[in-house]
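Residue numbers (the working numbering): 3 to 101. Comments concern the structure below.
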């Protein structure tokens, strides 16, 4: 059995916790896709992984981390999730459900 790196273990643990809490089910109805085709649930997953694996600013997320990571491939997304306004828009959508 191959030895797993620390980041690999973190990614698997993140997915396990996400699934255990049924966050897909919870957020799917609250974060519908945009008219332009942005799947906000995938944006949220990318942001959550970013915060847990390699925390930093939203600016760094779209300028460096997303483009360097394999997150787009894992989510079946292209680089459009890395557009500078998307992390902020997703966070705005989350604020609507803070209660």
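The C-beta atom is built at its ideal place from N, Cα and C for all residues, glycine as well.
Discussion item. Going by DSSP, what residue range makes up the alpha helix (DSSP H) through residue 55?
Written reply: 42-55
Item to complete: Would you mind giving the Cβ-Cβ distance between residue 83 and residue 68, rounded to the nearest angstrom? I have them listed as a contact below 8 Å.
Response: 6 Å
Discussion item. Please classify residue 61 as buried or exposed, where buried requires at least 16 neighbouring CB atoms within 10 angstroms.
Written reply: exposed
Worksheet item: Quick one: does residue 94 have its CB under 9 Å from some CB of chain C?
Response: No chain C appears in this structure, which consists of one protein chain only.
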